[in-house]
Each structure stands twice: as C-alpha cells, then as structure tokens.
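*Asks:* Sequence order for the protein chains is A and B.
Residues in the first sequence are numbered from 22 upward in steps of one, following the numbering used here.
Residues in the second sequence are numbered from 7 upward in steps of one, following the numbering used here.
Structure below; questions to follow.
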Amino acid sequence: NAGVTQTPKFRVLKTGQSMTLLCAQDMNHEYMYWYRQDPGMGLRLIHYSVGEGTTAKGEVPDGYNVSRLKKQNFLLGLESAAPSQTSVYFCASSSQGVGNEQFFGPGTRLTVL
Amino acid sequence: GEDVEQSLFLSVREGDSSVINCTYTDSSSTYLYWYKQEPGAGLQLLTYIFSNMDMKQDQRLTVLLNKKDKHLSLRIADTQTGDSAIYFCAESMTGRRALTFGSGTRLQVQP
C-alpha cells in the first residue's frame, strides 16, 4: 500500500496562475481532507469530503476549490494564486472507524511569487 | 470556540523524559491526539486518547488527560535523538470528522 500520495511535491507559481494539487489514497477511506501548514500556526483545514461526490468547507476555504469525483482522489484547485497561498499543503484521509486516525501525505510545498 | 494551544519549543537531554503540554477549549471533544512531524514529512499519528479516559500508556509514551482543566500532556520516557521533531496536539468533536490542531511543539533532544 502506498497510503496517501500527493503530486506535485514542489511548485512555484506566479500570482494569478492556476493549478491543481492531486491527492490519492489506496486505503478505501471515506473521508479526505486538505490542510495548509504555515509557520507557527499548525494545520488549518481548507476543505474536506465525507464521501465520493461530496465536499464541504473547512476553516480557511477562500481561494480554493475541491472535487471528489472518485473515492480515492481528492483534488485541490487554486483558480488565481495569490502570495498569501504560499504554504505547505497536506492531504489526509480517514475511515469511519473508531478513533478517526488520519493518515497524511508527504505534503506539497507551494510558493506563489 | 475551538482553540488548541501548545508551547512552541522544548529542549531536553538524551535519556531524560520529555513532557509536552496542550490545552484545549472545547468540552465536547471526543478524541485527543498526538501527531509527530519529522522534517520534510507529513504528520504521523503517535497515539490518541478517548475523552472519558485519564491516562493511556504505549511503550515509552504516556498520555495524561485532565478533562476538568482541559489539559493534555504527552510524556516520552528515555528521550532519544530520533524523537527530535514537531509534536502536534489535535482534537476531534462529536459529529465533526476533521481535526483542530495546535501550532506544534518543537522538541530538540541534545546528545
């Protein structure tokens, strides 16, 4: 099992450009999440999904869109990147089981110039 | 509101015990977690405790929960240099699958 994978690992964008981050999990998990990590601020939830075809807003959703067309994939889109979106982005997934352990991907480091 | 707070930094000597503390504000928390993040990597779950428990022990790790004071701690016995990392406290609440994370405590282990 690969667990949770993220592509790309690194990306540099110019202000106004768009991009999509891909998260894939092979654990048949129902729940998937996108977080961003900024220095001294821990992880903040951007969007999440409780199943295929569903998405919901998290704590900091503005400027991002997501889609969950397939159960194993969760895409995070930036339509018009801004320097404030420079961050490390983590995807996670979890099952419906007790304890709600979230499994994290290795992260995508995004810089917006 | 939801808020999870941790001290930013802890330095210990190899072989000593480390105690990392966390406070949270939401009394409806169901599970509380400790995650470890090594440089350049994602978060890895170390352990978790259900909110009706006071203590959980797992090898070198001991989690203590004081629900009255909303205080959670992680004790690492016989701390090793490989324990150097950032440790995140997190909580989940009834009906909410996503977690609320603290800002992380950087543990530095001196040889």
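Note that the Cβ used here is the ideal one computed from N, Cα and C, for glycine as well.
When you compare each of G46/B, K74/B, H77/B and Y39/B to Y110/A by their alpha carbons, which one comes out closest?
*Replies:* Comparing Cα positions, the closest option is G46/B.
*Asks:* For I26/B versus S79/B, is the C-beta distance shorter than 8 Å?
*Replies:* yes
*Asks:* Can you list the residues of chain A that S109/B reaches, using a CB-CB cut of under 8 Å?
*Replies:* Neighbours of S109/B across chain A, judged by C-beta separation under 8 Å: G61, M62 and G63.
*Asks:* Could you have a look at T106/B and say whether DSSP puts it in helix, strand or coil?
*Replies:* strand
*Asks:* Residues of chain A with CB under 8 Å from A47/B, in chain order?
*Replies:* P127 and G128
*Asks:* Could you name the residues of the same chain whose beta carbon sits closer than 7 Å to that of E80/A, not counting the 5 residues immediately before and after it, in chain order?
*Replies:* R65 and L66
*Asks:* DSSP on F88/A, reduced to helix/strand/coil?
*Replies:* The sequence shown places Ser at residue 88/A, not Phe. The answer is strand: DSSP assigns S88/A an E or B state.
*Asks:* Which first and last residues belong to the beta strand (DSSP E) in which N27/B is found?
*Replies:* S24 to Y30
*Asks:* Using a Cβ-Cβ distance under 8 Å, would L67/B count as near chain A?
*Replies:* For L67/B, not one C-beta of chain A is nearer than 8 Å to its own C-beta.
*Asks:* Out of curiosity, what's the CA-to-CA distance linking L42/A and Q12/B?
*Replies:* 30 Å
*Asks:* Verify the CB distance criterion: does L51/B have a CB-CB separation below 8 Å to chain A?
*Replies:* yes
*Asks:* If you draw a straight line from the C-alpha of G63/A to the C-alpha of E44/B, how long is it?
*Replies:* 14 Å
*Asks:* Run through DSSP, which three-state label would S105/A get?
*Replies:* helix
*Asks:* Classify T87/B as helix, strand or coil using the three-state DSSP reduction.
*Replies:* The DSSP-derived three-state label of T87/B is helix.
*Asks:* In terms of residues, what are the limits of the beta strand (DSSP E) holding N94/A?
*Replies:* N94 to L99
*Asks:* Do S114/A and M53/A have their C-beta atoms closer together than 8 Å?
*Replies:* The Cβ atoms of S114/A and M53/A sit closer than 8 Å to each other.
*Asks:* Considering only DSSP beta bridges, list what T53/B is partnered with.
*Replies:* W40/B
*Asks:* For chain B, check one thing: does any of its Cβ atoms lie closer than 8 Å to the Cβ of L66/A?
*Replies:* yes
*Asks:* Assuming T29/B and W40/B are in contact, meaning their beta carbons sit under 8 Å apart, how far apart are those beta carbons, in whole angstroms?
*Replies:* Their Cβ separation, rounded to whole angstroms, is 14 Å, which puts T29/B and W40/B out of contact at 8 Å.
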